[in-house]
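Asker:
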Amino acid sequence: MNSTSQKINEGNFFEDFSIGQEIFHATPRTITNGDSALYIALTGSRHPIASASTVAESLGYLSQPIDDLLAFHIAFGKTVPEISVNAIANLGYANVRFINPVYPNDTLYTKSTIIGLKENSNKKSGIVYVQSNSFNQKNEEIISWIRWVMVHKKNMSFTPQKNLIPDLPESVVLDKLPIPSFFNGNAFNTRWTKSDNLWEHYKKGEVIYHPSGMTVSDTDHTLATKLYQNNARLHFDDFMMKKTSMGKRLIYGGHVISVCKNLSYDGLENSLAILAINGGTHSNPTFGNDTLYASTEILDKWEIPYRSDIGVLRLRLIGYKNMELDAFKKLMPIENKNYHEHIVLDLDYSILMPRKKG
Amino acid sequence: MNSTSQKINEGNFFEDFSIGQEIFHATPRTITNGDSALYIALTGSRHPIASASTVAESLGYLSQPIDDLLAFHIAFGKTVPEISVNAIANLGYANVRFINPVYPNDTLYTKSTIIGLKENSNKKSGIVYVQSNSFNQKNEEIISWIRWVMVHKKNMSFTPQKNLIPDLPESVVLDKLPIPSFFNGNAFNTRWTKSDNLWEHYKKGEVIYHPSGMTVSDTDHTLATKLYQNNARLHFDDFMMKKTSMGKRLIYGGHVISVCKNLSYDGLENSLAILAINGGTHSNPTFGNDTLYASTEILDKWEIPYRSDIGVLRLRLIGYKNMELDAFKKLMPIENKNYHEHIVLDLDYSILMPRKKG
Amino acid sequence: MNSTSQKINEGNFFEDFSIGQEIFHATPRTITNGDSALYIALTGSRHPIASASTVAESLGYLSQPIDDLLAFHIAFGKTVPEISVNAIANLGYANVRFINPVYPNDTLYTKSTIIGLKENSNKKSGIVYVQSNSFNQKNEEIISWIRWVMVHKKNMSFTPQKNLIPDLPESVVLDKLPIPSFFNGNAFNTRWTKSDNLWEHYKKGEVIYHPSGMTVSDTDHTLATKLYQNNARLHFDDFMMKKTSMGKRLIYGGHVISVCKNLSYDGLENSLAILAINGGTHSNPTFGNDTLYASTEILDKWEIPYRSDIGVLRLRLIGYKNMELDAFKKLMPIENKNYHEHIVLDLDYSILMPRKKG
């Protein structure tokens, strides 16, 4: 006698969330050199610290760390089964802070706290605000972030007791940036990157049009997304997606961030670590066989108190696809919320860069 | 003066095998964390023990082991050049036993013994029964299995002295299951997997319809099959396969097993180790761009003598492709040897699962 | 106020090179087991020394080394931004010597010296001859090579003071071959590879038609080329390449070498290390979805003074695509510079092979 099992975890719907609720996510994940090699193969990263142990150790790292975004994608992927498996849309990120480096053989786990809820006016869905924190096996905090997602109701008669929209910082301000105290910018050698452009050389308002493009296949993005153990179905199930209005699989937005970030190496070679992501929008979907390009605007630059070796640049990374540079330049400047359909990413983030010596 | 070399090993034909013959296979293979990362990227595995060293070590493993099926595919791939490179079909598996864990940096080699031969009535081919055993660098046995393949004759006048069909166990019975003595199920924490379903919660006859699907590209399956150093040509050579009745490359059956096994994570989160594969059929071919889905039936459940921490579930994993769940349900129950053309895998295997405490 | 940044390194044009100029390339790169696993997955390598630590250590290696060609591609990739990003064509290689093994966790960097310049008669471009040397973190030389590339002028009025074409060796002669002194060929065991064909069994003029073929997808070759951190745009940017006469992305020639080399395993199982590449031509482009095949001719064989355990074979590896073996045989012998459009590679290289014992 066969019977259908009730053991499938359907994930959470809007009514399943409550303010202050804590969620411990599965599955802990040990990150190794194998993941780093795959990350280079999938994104083309030439990030000098994640590329060479000699560079990393010279700058004060214990050993060659895991790429900031690789660690973020794995930490983030953990939250999908409970937070976004029933999401209609991933609406935004805020206050993403890269607190401590991740080293090979570290094991990451992630917990989340629900910090806001807002029912939509259609009463069929709502927005859930989530604070997530990822830790290593020594319970050191690695990365923390806020995101908000639009989630379906299953029980349409549910209404939250009250709507609460949390205060979100417009950006991670200087004194909240996790400046690595061990980092020795004086040891930096421009021979590692072949670029003499240091913190002093960038000016507010400057726009860098990165010269390279990268075509992303369905196999590329699904390999990446499986590596991150992110199981959101719309990336993997082509049979299902063919029957949707989209007609095909969607690329995980985090992979778009990684590819565009790595395209931005040319012109930002000495960007050595991501300190924070201030905010981000996946302004249009990206699909298999799209070719991605990127530009970066220097939004701001900050000195760090008592540090003459390193400074902060706040950057706006725009990712666009299937478009000539000249056509893209005609769209500039890009105002928020008014995105051409070929603009796929608008990311505001802050990085650490060595300063000129002496 | 050029001359054509005779150095190509053509592989064995039916007349090249004899009962009792022992074959040592090339090439020894060291498995590393790099292979594990790729396995996660290729299959989407979230297997908690192969995902996190902290989980593995808590449960009594020396360190984070290699995924059971990754080790099996590599061990199995070794046998292809001598056993199945001229095979017409891989007919079945029996008595696959996962005897000891494989750890990163272990080196595997495989030997085989011919245990049965049966000429086909057409006198053009025959069935070869093979016992294979894989060992690590310390000569500890890792995995053993029986498979039988249909192989062409090259010399049509050959007839074996006698046909011998070995006795094959219908399943690996409880007292032949390699229960890991070091395994400490009491240390298991459901927080690792976010599922409270333990051995006690599963009932014989229960069917789990796993919710996710995964599209497999030609690049995915060839990356996997190259990783396993399995050189069967029909997976790799599209130019050749286009001229066959199949018209395209075939996906290595072992990769189909891995993908379906990993799709079965949702609903079987606490399945912690494969103990045995009792039997398996690749009921239809799988091709690039097919989307795979899976269901699992609980065939049986066994207590383990003197062990209150763990129990055994015997499972039937059905893999199907390019089909809605509702259409698949109408095919249930699936009787052996009567497979809809979209059913690609019927695998009978036994796993270890923690029990409820106290 | 936005302003366009001038920070993009355009790469060098013909007039930017001068005889004797030294260039230190970015980015140092630590190679790990993760890279090795990916290399096996991308090429299907069964090279016994790069496959198993037990084999490598028996033969005198400190541990399982990085595959010769994987190390070469990474070392070579470093030179692209300064040498060939504006190249019209990569014209040839000479005097490639594999001087010391690369071990996991070694960090490679590469420097180049300009050793020749020749303006083309059209005055719009010229040929640049480059000597490159790659070192590990202990400043041990790993690989050295010469290549020459045709590079555009940007400043058309430039004319070099004089043309200098360096003397290039027709091949790396025996006493310049980097024979590894630690290598213990007496420890070799044919059971590792299942081939009894040793140095003595190969004769000059013998041609081996390797039986297998491998279809290479755009995802395969871009994963490989990103792994090597080779950022030549024509491999990655399909949107740009669709507008060229080629109409699509080109496969990095080094990946073609790797795939053909690994196809040549069948018939050359006991080829244990590459000592030198004497010369090479990418005679036609290779594209995604092409299926590659290979043949090898034994060009020469050399005894090594005072070494009875190992000998040298000089080999000619021909790579061809999308062609039946019978059709390919009709093209033999292949005269230099007269290549059928399906012949993609003509590589002259020297390898080390164990000899018959006593």
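Residue numbers (the numbering used here), protein chains in the order written: chain A, 11 to 368; chain B, 11 to 368; chain C, 11 to 368. We put the CB at the ideal spot given by N, CA and C, even for glycine.
1) Quick one: residues in its chain with C-beta nearer than 6 angstroms to the C-beta of PRO114 (chain B), no 5 flanking neighbours on either side, listed in chain order?
2) With ILE287 (chain C) and LEU187 (chain C) assumed to form a contact (beta carbons below 8 angstroms), what rounded beta-carbon distance in angstroms separates them?
3) Contact criterion: CB-CB distance below 8 angstroms. Does GLN239 (chain B) meet it with respect to chain C?
4) Taking GLY290 (chain A) as part of the alpha helix (DSSP H), name the residues at either end of that continuous run.
5) Can you grab the Cα-Cα spacing for the pair ASN280 (chain A) / GLY223 (chain A), in whole Å?
6) Who are the neighbours of LEU48 (chain A) on chain C, taking C-beta pairs under 8 angstroms?
7) Note down the Cα distance separating ILE84 (chain A) from PRO91 (chain A), rounded to an integer number of angstroms.
8) Evaluate the contact criterion for the stretch 171-185 of chain B versus the stretch 127-143 of chain B: three or more CB pairs, one atom per stretch, below 8 angstroms.
9) Using CA coordinates, which residue listed in A:GLY136, A:LEU101, A:ASP77 and A:LYS88 is at the minimum distance from ASN110 (chain A)?
10) Taking the alpha carbon of LEU80 (chain B) as the point to measure from, which residue in B:ILE218, B:LYS213 and B:ILE152 has its own alpha carbon closest?
11) By the 10 Å Cβ neighbour count, where 16 or more other Cβ atoms means buried, how is ASN241 (chain C) classified, buried or exposed?
12) Rounding to the nearest angstrom, what Cα-Cα distance links LYS163 (chain C) and LYS172 (chain C) in this structure?
13) Select from the stretch 219-238 of chain A all residues with a C-beta closer than 7 angstroms to any C-beta belonging to chain B, and list them in chain order.
14) Tell me whether GLU313 (chain B) sits in a helix, a strand or coil according to DSSP, three-state version.
15) Interface residues of chain B around GLU15 (chain A) at Cβ under 7 angstroms?
16) Using the Cα positions of GLY298 (chain B) and ALA60 (chain B), report the straight-line distance between them to the nearest angstrom.
17) Within a Cβ cutoff of 6 angstroms, which residues of the same chain sit near TRP209 (chain C), ignoring the five residues on either side of it in sequence?
18) Just to make sure I have the definition right: I need the residues of chain A whose C-beta is within less than 8 angstroms of the C-beta of ALA370 (chain B). Which are they?
19) Answer yes or no: do ASP51 (chain B) and LEU48 (chain A) have a C-beta to C-beta separation smaller than 8 angstroms?
20) Tell me the rounded alpha-carbon separation between SER122 (chain A) and GLU32 (chain A).
21) Tell me which residues share the same chain as ILE328 (chain B) and place their Cβ nearer than 7 angstroms to its Cβ, disregarding the 5 neighbours each side in the sequence.
22) Less than 8 angstroms between the C-beta atoms of ILE218 (chain C) and SER15 (chain B), yes or no?
23) Apart from the five residues on each side of it in sequence, which residues of its chain come closer than 6 angstroms, Cβ to Cβ, to HIS220 (chain A)?
24) Indicate whether THR40 (chain B) and GLN239 (chain B) have their beta-carbon atoms separated by less than 8 angstroms.
25) Ignore the nearest five residues each way along the sequence and tell me which others in THR169 (chain A)'s own chain have a CB closer than 7 angstroms to its CB.
26) Using Cβ-Cβ distances below 9 angstroms, what residues of the stretch 50-68 of chain A are close to chain C?
27) Using a C-beta cutoff of 8 angstroms, does TRP202 (chain C) count as contacting chain B?
28) Using a Cβ-Cβ cut-off of 8 angstroms, state whether THR89 (chain A) counts as contacting chain E.
29) Tell me whether GLU20 (chain A) is buried or exposed, calling it buried when 16 or more other Cβ atoms sit within 10 Å of its Cβ.
30) Taking a contact to mean a Cβ-Cβ separation below 8 angstroms, would you say LYS258 (chain A) touches ASP248 (chain A) in this structure?
31) What does the alpha-carbon distance come out to for the pair TYR103 (chain C) and SER46 (chain C)?
32) Which residues bound the beta strand (DSSP E) around ASN105 (chain B)?
33) Can you name the residues of chain A whose CB is closer than 8 angstroms to the CB of PRO295 (chain B)?
34) Using a C-beta to C-beta distance shorter than 9 angstroms, which residues of chain B count as neighbours of ILE18 (chain A)?
35) So, for PHE34 (chain B): in the same chain, excluding its five sequence neighbours on each side, which residues have a beta-carbon less than 7 angstroms away from its beta-carbon?
36) Would you identify the three-state DSSP class for SER268 (chain C), choosing helix, strand or coil?
Answerer: Result, derived from the coordinates:
1) Within the same chain, and ignoring the five residues on either side of PRO114 (chain B) in sequence, the residues whose Cβ sits closer than 6 angstroms to its Cβ are THR42 and ASN43.
2) With a Cβ gap of about 11 angstroms, ILE287 (chain C) and LEU187 (chain C) do not count as contacting.
3) It does: the Cβ of GLN239 (chain B) has a partner Cβ on chain C nearer than 8 angstroms.
4) It is not in any alpha helix (DSSP H) - GLY290 (chain A) instead sits in the beta strand (DSSP E) that spans 283-291.
5) 20 angstroms
6) Within chain C, the C-beta atoms nearer than 8 angstroms to that of LEU48 (chain A) come from GLY44 and LEU48, in chain order.
7) So the alpha carbons of these two residues sit roughly 13 angstroms apart.
8) The answer is yes - the stretch 127-143 of chain B touches the stretch 171-185 of chain B, with three or more Cβ pairs under 8 angstroms.
9) A:ASP77
10) Comparing Cα positions, the closest option is B:ILE152.
11) buried
12) Distance between the alpha carbons of LYS163 (chain C) and LYS172 (chain C) is about 16 angstroms.
13) ASP228, THR229, LEU233, LYS236 and LEU237
14) strand
15) Looking at the sequence shown, residue 15 (chain A) is not Glu but Ser. Result: GLU216, VAL217, ILE218 and GLY277.
16) 27 angstroms
17) Beyond the five residues adjoining it in sequence on each side, TRP209 (chain C) comes within less than 6 angstroms, by CB distance, of GLY321, MET363 and ARG365 in the same chain, given in chain order.
18) No answer is possible for residue 370 (chain B): it lies beyond the span of chain B, which begins at 11 and ends at 368.
19) The sequence as given places Ala at residue 51 (chain B); Asp does not occur at that position. The answer is yes: Cβ separation under 8 angstroms.
20) 6 angstroms
21) ALA304, SER305, ILE344, ILE353, LEU355 and ASP356
22) When the beta-carbon positions are compared, ILE218 (chain C) and SER15 (chain B) come within less than 8 angstroms of each other.
23) Result list for HIS220 (chain A): LEU273, SER274, ASP276, GLY277 and ALA304, in chain order.
24) no
25) GLU129
26) So the close ones are ILE50, ALA51, LEU52, THR53, GLY54, SER55, ARG56, HIS57, PRO58, SER61, ALA62, SER63, THR64, VAL65 and ALA66.
27) yes
28) The displayed structure is made up of protein chains A, B and C, and chain E is not among them.
29) exposed
30) Yes, these two residues count as a Cβ contact at 8 angstroms.
31) Spanning the two alpha carbons is a distance of roughly 24 angstroms.
32) 97-108
33) By Cβ distance, chain A contributes nothing, its closest Cβ being about 17 angstroms from PRO295 (chain B), past 8 angstroms.
34) ILE218, TYR219, HIS220, PRO221, ASP276 and GLY277
35) LYS121
36) helix
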